[in-house]
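> Questions regarding the structure given below will be posed in turn.
Protein chains: 2
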Amino acid sequence: MEVQLFNHTQLISFTTQVLHAIGHSAEDAALAADVLISADLRGVDSHGVARLRGYINLWKAQRMNPKPVIRIEHETPSTATVDGDLGLGLVVAPKAMEIAIAKAKEVGTGWVAINNSNHYGIAGYHAMMALEHDMIGISLTNATPTTAPTFGKQRMLGTNPIAVAFPTENQPPFVADFSTTTAAVGKLEILQRKNMDTPSGWIQDADGNGITDAHGLKKGGSLLPLGSDREHSSHKGYCLGSVVDIMCAVLSGANYGPWVPPFLAFMQPSAEQVGKGIGHFVGAMRIDAFRPADDFKRHMDNWIETFRTCEPINENQSVIIPGDPEREMTQERLNGGIPLLMPVVEDLMDIGKTFGVKL
Amino acid sequence: MEVQLFNHTQLISFTTQVLHAIGHSAEDAALAADVLISADLRGVDSHGVARLRGYINLWKAQRMNPKPVIRIEHETPSTATVDGDLGLGLVVAPKAMEIAIAKAKEVGTGWVAINNSNHYGIAGYHAMMALEHDMIGISLTNATPTTAPTFGKQRMLGTNPIAVAFPTENQPPFVADFSTTTAAVGKLEILQRKNMDTPSGWIQDADGNGITDAHGLKKGGSLLPLGSDREHSSHKGYCLGSVVDIMCAVLSGANYGPWVPPFLAFMQPSAEQVGKGIGHFVGAMRIDAFRPADDFKRHMDNWIETFRTCEPINENQSVIIPGDPEREMTQERLNGGIPLLMPVVEDLMDIGKTFGVKL
Numbered sequence: 000m001e002v003q004l005f006n007h008t009q010l011i012s013f014t015t016q017v018l019h020a021i022g023h024s025a026e027d028a029a030l031a032a033d034v035l036i037s038a039d040l041r042g043v044d045s046h047g048v049a050r051l052r053g054y055i056n057l058w059k060a061q062r063m064n065p066k067p068v069i070r071i072e073h074e075t076p077s078t079a080t081v082d083g084d085l086g087l088g089l090v091v092a093p094k095a096m097e098i099a100i101a102k103a104k105e106v107g108t109g110w111v112a113i114n115n116s117n118h119y120g121i122a123g124y125h126a127m128m129a130l131e132h133d134m135i136g137i138s139l140t141n142a143t144p145t146t147a148p149t150f151g152k153q154r155m156l157g158t159n160p161i162a163v164a165f166p167t168e169n170q171p172p173f174v175a176d177f178s179t180t181t182a183a184v185g186k187l188e189i190l191q192r193k194n195m196d197t198p199s200g201w202i203q204d205a206d207g208n209g210i211t212d213a214h215g216l217k218k219g220g221s222l223l224p225l226g227s228d229r230e231h232s233s234h235k236g237y238c239l240g241s242v243v244d245i246m247c248a249v250l251s252g253a254n255y256g257p258w259v260p261p262f263l264a265f266m267q268p269s270a271e272q273v274g275k276g277i278g279h280f281v282g283a284m285r286i287d288a289f290r291p292a293d294d295f296k297r298h299m300d301n302w303i304e305t306f307r308t309c310e311p312i313n314e315n316q317s318v319i320i321p322g323d324p325e326r327e328m329t330q331e332r333l334n335g336g337i338p339l340l341m342p343v344v345e346d347l348m349d350i351g352k353t354f355g356v357k358l
Numbered sequence: 000m001e002v003q004l005f006n007h008t009q010l011i012s013f014t015t016q017v018l019h020a021i022g023h024s025a026e027d028a029a030l031a032a033d034v035l036i037s038a039d040l041r042g043v044d045s046h047g048v049a050r051l052r053g054y055i056n057l058w059k060a061q062r063m064n065p066k067p068v069i070r071i072e073h074e075t076p077s078t079a080t081v082d083g084d085l086g087l088g089l090v091v092a093p094k095a096m097e098i099a100i101a102k103a104k105e106v107g108t109g110w111v112a113i114n115n116s117n118h119y120g121i122a123g124y125h126a127m128m129a130l131e132h133d134m135i136g137i138s139l140t141n142a143t144p145t146t147a148p149t150f151g152k153q154r155m156l157g158t159n160p161i162a163v164a165f166p167t168e169n170q171p172p173f174v175a176d177f178s179t180t181t182a183a184v185g186k187l188e189i190l191q192r193k194n195m196d197t198p199s200g201w202i203q204d205a206d207g208n209g210i211t212d213a214h215g216l217k218k219g220g221s222l223l224p225l226g227s228d229r230e231h232s233s234h235k236g237y238c239l240g241s242v243v244d245i246m247c248a249v250l251s252g253a254n255y256g257p258w259v260p261p262f263l264a265f266m267q268p269s270a271e272q273v274g275k276g277i278g279h280f281v282g283a284m285r286i287d288a289f290r291p292a293d294d295f296k297r298h299m300d301n302w303i304e305t306f307r308t309c310e311p312i313n314e315n316q317s318v319i320i321p322g323d324p325e326r327e328m329t330q331e332r333l334n335g336g337i338p339l340l341m342p343v344v345e346d347l348m349d350i351g352k353t354f355g356v357k358l
C-alpha cells in the first residue's frame, strides 16, 4: 500500500496546531501531540495521528472538552482520584501520572485513578514517564466495549491494555505494553487493508462462533480475551481485562463494562451511565523505596541479558525483550520518517484545510 | 480414581502438628496449615496438603528454615522490603500482607516485596486477606523455572501467578487467581493421572516443538506462556510472567528467572545465586483512599450482576465471575469433606508415622 513519509516534528507541529485550533491551550495541545505521535514513532500506527479525526469527532459531538480543569477529587499520601473534566486522555493521563510520581517521591509509591476522561493514546507513554525518576511506571485504561467474556456472546470489555515500565542501567528499559485480548483492533485493521482473514482464535461472531472474518466486529462479533478459548485459558485474559476495567472505572467512578462510551463518535454512548467518561489508572513506584536503585538496575540489566541470550528455537529469531521492537522502530522512524498510508494523509490534509493548518 | 474424604479441620490439625514437629512455632504452624488447606478447600488440589511432603523435603535439604525471623530490610510510608529468613512462604507471605495492610491504613496503599522465601501456596489466599479491611488485595510470586519465553527453548520463568481480590457489597467478592502460563503444572498432573494427552498449545519439547505429552516437562520440555504461540499473543503471557518475576525478585533482592530455586528438593538450585530464595510481592489498596467504600462495593455488585447475566453462547454454561468456582467448591468441601487421592493419603500416613502424628 502506498505511503508518504513525514518527519515526526512535522506531525507533532501539525497535531499541536489542530488541537490548539479546536480550543486546547498551547501547552495541552503540545502535550497531546507528543503522546499521539509517540505511538507513530513506536510503530503503533493504530494509536497515532491516524486517530486525530476520531478525537476531532468527539469534540464535535461535545463528548470531549478542549479546556478541561483537571481536579483532584480525593487523595491520601499515596493515592488520588482525578476528574479529567471530559478532557483528552492524551492530556489527562500524563497530568495524573505527574501526580503519581510526586506522591511516590514523598511516600514511596503513588496511585491515581482517573474518571471522566477520553482515549489516552498508547498505555506505554504514561508508564514510561516514571523511568527518568528511577521509578516503575504502570498504566491501565478501559476502552470501547469490543470483547466478550469467556462463555459470553456480548461485548462487555474493551481491549483494556496494561503497560509496565522498569528502569535499567545500560540496557534499554523494559517496557511491556499490550492489550488483554488475543489481538487488538489495530491488528484487525491491518488485515482488513490487506483483504486477509484473521487466524482462528481472535474473534467470534454475534452468536459466539469462532470466525476469521477480519470485518467480523462490524457485523456484531467480538474480540476474544487473551488465551482465545477456554481450553487455552481465555478465562485468564477475561480476568485481566476485568481487573483493568475495575481498577480504571469502578475504583475511579468512571463508566465500566458495557457502559464505557465508545471512541467512535458516531456510536452513541448508552443513555444510562454508571459513572463519568472512561477511566484510567496510573501508578509510580520509587525503586529505592524497596532497594538501592543502582542494585535494581544492575540486576535488570542481568535479567535482560539472560533472557535475550536464551537459546532460541529458530536461530533467526532470538528471544525479544519487551520494548525492543518499539525502540528499534522509533530509531528507524526518527531517522527515516513516519510512513502514513495515503488515506490517512488525505484525511489529515482535509483536517488541515478545515482548521487552516498546513501539513 | 479412588479417593478418601477428610474433614478440613482434621487436615488443618494434622498439618499444624507436622509443621510443629519439624520445628515451627505453634502459631506459625497453624498459619501455614490454614493457607495450605485453603487450597484444598478451594479445589486447587495441586497446592494443598498433597504438597506437605515437598515442604518437609525442603526442610530436610536445609532449604527451609522452620524458625524464621522475618525482618523488614527497608521501608517507606507505603512500601517495605521483607527478608523471609528462608521461612515457608505459607508463613512469610501472610505476615508481609499484614504489613501491607497496616501501611494502607496509614497512607492509602501498602506494597511489600519479599525475598528469601519459599513456595507460598495459593496466591489468592494472601490477596483475599485485604477484603475484610475494605481493601483491594494483590499477590504475586515467582516459582520454579518451567516456562519458555516466546521464541525460546529454555525454562526461564515459573508459572508466576497473579491474584487480585476486590471487595463487594452483597455479591461474593471478585477473586482472580491464575498462572501466567496457558496451563499450570497442576493441570498436567491431572492429565498424567488419567493417562491423557494435553491439548496443543500447552507445552513444547526441549527443541521447542509443540507436543501433547503430559509428561513432557520431565523430558526437558517447557510450559508455554498464556497465549500459547506468537500468533495467539504468547508474547503477552511472557510479558506478564516477566513482570511478575521482576516485581517479586529483581525488586526484592530474591532470585529471578532461571535462578529461582526449584520447589522440588531433589532438584539442586543453581550453584550461582543472584539473590536470596524465591520472591513474592503483595499489595493492599484502601478503597476509601479513592472513593467511599460503599459506592465502590455497590458498583462492584452491579459489575458482577451485569457480567453474570451476559448472554451466554451455550445456555447451559453461563459467564463465570472470577472466584465463583472456588467459592462453590469451598462450600461443597466444608460440608462434604475434602477428597484426597489414595497415593496422597498413603503419603500423609507415612508422614504421620515419621512424626508421631495421627491423620
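Protein chains in written order, with numbering that gives the first Met the number 0: chain Y, 0 to 358; chain Z, 0 to 358. Think of the CB as a built atom: it goes at the ideal place given N, C-alpha and C, for glycine as much as any other residue.
For Z/N141, count neighbouring C-beta atoms within 10 Å of its own C-beta (all shown protein chains included) and say buried if the count is 16 or more, exposed if not.
buried
> Starting from the Cα of Y/S232, find the closest Cα among Z/S178, Z/C247 and Z/I100 and give me that residue.
Of Z/S178, Z/C247 and Z/I100, the smallest CA-CA separation from Y/S232 is found for Z/S178.
> Out of Z/Q316, Z/T146 and Z/M127, which one is the CA nearest neighbour of Z/R326?
Z/M127
> Name the two residues that bound the continuous alpha helix (DSSP H) containing Z/A126.
A122 to M127
> Measure the Cβ-Cβ separation of Z/L156 and Z/T146 and say whether it is below 8 Å.
yes
> So which residues of chain Y does Z/A182 contact, with C-beta pairs closer than 8 Å?
Going along chain Y in sequence order, the residues near Z/A182 (Cβ under 8 Å) are S232.
> List the residues of chain Y that Z/M155 touches, going by C-beta distances under 9 Å, in chain order.
T305, F306, C309 and V318
> Look at the alpha carbon of Y/P338 and the alpha carbon of Z/G276, and state the distance between them as a whole number of angstroms.
Those two C-alpha atoms are separated by around 49 Å.
> Quick one: residues in its chain with C-beta nearer than 7 Å to the C-beta of Y/V34, no 5 flanking neighbours on either side, listed in chain order?
L89, P93, G120 and Y124
> Pull out every residue of the region 250-268 of chain Y whose Cβ sits closer than 8 Å to any Cβ of chain A, in chain order.
Checking the listed chains, one finds no chain A in this structure; the protein chains it contains are Y and Z.
> With Z/W110 as the anchor, note down where its beta strand (DSSP E) starts and where it stops.
T108 to S116
> From which residue to which residue does the beta strand (DSSP E) around Z/V34 run?
In the DSSP annotation of this structure, Z/V34 is not part of any beta strand (DSSP E); the continuous alpha helix (DSSP H) holding it starts and ends at A25 to R41.
> Distance check for Y/K357 and Z/L239, CA to CA, integer angstroms please.
Z/L239 and Y/K357: Cα-Cα distance of roughly 43 Å.
> For my contact list, Z/P324 and Z/V318 are in at a C-beta cut-off of 8 Å; report their separation, rounded to the angstrom.
Going by Cβ atoms, the distance from Z/P324 to Z/V318 rounds to 12 Å, so no, they are not a contact pair.
> With a CB to CB cut of under 8 Å and the five nearest residues on each side skipped, what residues in its chain are close to Y/T78?
K102, G109, W110, V111 and A112
> Roughly how far, in whole angstroms, is the beta-carbon of Y/A32 from the beta-carbon of Y/T14, given that I think they are within contact range, below 8 Å?
4 Å
> In the DSSP assignment, what residue or residues form a beta bridge with Y/P224?
Y/P224 is bridged by DSSP to Y/T180.
> Determine whether the Cβ of Y/I312 lies closer than 8 Å to any Cβ atom of chain Z.
yes
> Alpha carbon to alpha carbon, how far is Z/V249 from Z/P260? Give it in angstroms, no decimals.
15 Å
> Count the other C-beta atoms from every protein chain shown that fall within 10 angstroms of the C-beta of Y/S269, then say buried if there are 16 or more, exposed otherwise.
Exposed.
> Give me the Cβ distance between Y/D346 and Y/R52, rounded to the nearest whole Å; I'm assuming they're in contact under 8 Å.
5 Å
> Since Y/G200 contacts Y/T181 with CB under 8 Å, what's their CB separation in whole angstroms?
6 Å
> Against chain Y, does Z/L225 count as a neighbour if the rule is that its beta carbon must be under 8 Å from one of theirs?
yes
> Nearest to Y/Q272 by CA position, among Y/G252, Y/I98 and Y/F280, is which residue?
Checked all of Y/G252, Y/I98 and Y/F280; the closest Cα to Y/Q272 is Y/G252.
> Please state whether DSSP places Z/M63 in a helix, a strand or coil.
coil
> Would Y/G355 be called buried (16 or more neighbouring beta carbons within 10 Å of its own) or exposed?
exposed
> Taking the alpha-carbon of Z/M284 as reference, which of Y/M195, Y/P76 and Y/L85 has the nearest alpha-carbon?
Y/P76
> Is Y/L216 near Y/L187, with beta carbons less than 8 Å apart?
Between Y/L216 and Y/L187, the C-beta spacing is below 8 Å.
> Could you tell me the boundaries of the beta strand (DSSP E) in which Z/Q3 lies?
V2 to F5 is the extent of the beta strand (DSSP E) around Z/Q3.
> For the putative contact between Z/A122 and Z/P160, defined by C-beta atoms under 8 Å, what is the C-beta separation to the nearest angstrom?
4 Å
> How about Z/P198: is its C-beta nearer than 8 Å to some C-beta of chain Y?
yes
> Looking at Y/P166 and Y/D133, is the spacing between their C-beta atoms short of 8 Å?
yes
> Any residues in the region 101-116 of chain Y with a beta carbon nearer than 7 Å to a beta carbon of chain Z? Which ones, in chain order?
Going along the region 101-116 of chain Y in chain order, one finds V106, G107, T108, W110 and A112 with a Cβ nearer than 7 Å to chain Z.
> Against Y/M127, what residues of chain Z qualify as contacts under a CB-to-CB distance less than 9 Å, listed in chain order?
Correct list: empty, because the minimum Cβ distance to chain Z is about 15 Å.
> Less than 8 Å between the beta carbons of Y/I21 and Y/I55, yes or no?
yes
> To which residues of the same chain is Y/I320 closer than 7 Å at the C-beta, ignoring the five residues directly before and after it?
F173, I303, F306 and R307
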